[in-house]
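*Asks:*
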Amino acid sequence: MKNIHLLLAKPARKQKADGSRFWGNPALPQGYPYPTYPDSRGIPRPYTFICQINLGELAQYEEANPLPHKGLLSFFTKIDRYMGHWDAEDCISGYISRQEDVKVLYFPDCTTFEEVGRLKEKNGTFVSPAELQIKFADKVKKYSDEHRLFAPPEHREWETWDSPFEEWRILLQVDSFDGDDFNLNFMDCGVLDFLISPEDLKNGNFDNVRAIVLST
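Read in our numbering, the sequence shown has 176 at position 176, and its numbers run on one by one without any break.
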């Protein structure tokens, strides 16, 4: 299975709600709440929104693409510490995460979406960095950022994932990178990998995706 590269750039204009993007605010069905998890005191905390993929935009990669061919796939997880928020009490680590540390949402129908913001800071601005447009490519220049769907496990320093995840695949890889309003650094310029079982990938089930940070 070939990997698909994600190329990120500042959008020339505001994107439509269901467009493929990094950061910004996720598009969710009307009335759907922003995903949260309970902290150690039971207080709801927002996951960090990573990106959303409009699967219809991947149609040209059909041979290499086992994902559904329509709908929106959105990735959330706990990475606040890697963005400089050192007081965050829970974060993805160098061990495969628990199921509840990751939230991947798949919506087959993109017709009733609205953008839903994360919690606001005291000055009324959204916490999430400004959105970056995603375009897709099967090849990129050398030394490009390693944001990829179905990336090979090149940053893994051992032969397989720990049991019982030995056969799991990388669904999405996010590289360390920075921008005008953020600095995302996974340990030491490493990567964040979202992992999925082959059976779940085949069945289009994204309820049990896990994550791990691998450092170079």
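Even for Gly, the Cβ is constructed at its ideal location relative to N, Cα and C.
1) Whose C-alpha, out of Y61, D200, L73 and Y34, is nearest the C-alpha of Q228?
2) Tell me the DSSP bridge mates of H5?
3) Excluding the 5 residues preceding and the 5 following A137 in the sequence, name in chain order all residues of the same chain whose CB lies nearer than 7 Å to its CB.
4) Out of G19, Q99 and V191, which has the shortest C-alpha to C-alpha gap to L172?
5) Taking Cβ positions only, does E100 come closer than 8 Å to chain B?
6) Quick check on this structure: which residue in F76, K202, L28 and P29 has the alpha carbon closest to the alpha carbon of E100?
7) Which full runs of the beta strand (DSSP E) of 3+ residues lie inside the stretch 14-95, going along the chain?
8) Assuming A17 and E131 are in contact, meaning their beta carbons sit under 8 Å apart, how far apart are those beta carbons, in whole angstroms?
9) For S144, count neighbouring C-beta atoms within 10 Å of its own C-beta (all shown protein chains included) and say buried if the count is 16 or more, exposed if not.
10) Roughly how many angstroms separate the alpha carbons of K10 and T48, rounded to a whole number?
11) Identify which residue in S20, P33 and F22 has its Cα closest to the Cα of G117.
12) Just tell me which of K202, S215, S197 and T160 has its CA closest to the CA of N208.
13) Tell me which same chain residues have a C-beta within less than 8 Å of the C-beta of L195, skipping the five on either side of it?
14) Cα separation between L67 and R98?
15) By Cβ distance, which residues of its chain are closer than 6 Å to N205, with the 5 residues on each side in sequence left out?
16) Leaving aside the five residues before and after Y61 along the sequence, list all residues of the same chain whose C-beta is less than 6 Å from its C-beta, in chain order.
17) Where DSSP assigns a beta bridge to F113, which residues make up the other side?
*Replies:* Looking at the atomic coordinates:
1) There is simply no residue 228 to check, as the chain begins at 1 and stops at 216 in what is shown.
2) A137 and R148
3) H5 and L7
4) V191
5) Chain labels in this structure do not include chain B; a single protein chain is all it has.
6) F76
7) 27-29, 36-38, 44-46, 48-54 and 72-77
8) A17 to E131, Cβ: 11 Å. No contact.
9) exposed
10) 20 Å
11) P33
12) S197
13) I96, W161, F165, W168, R169, I170, L171, V209, R210, A211 and I212
14) 23 Å
15) none
16) I4
17) P29
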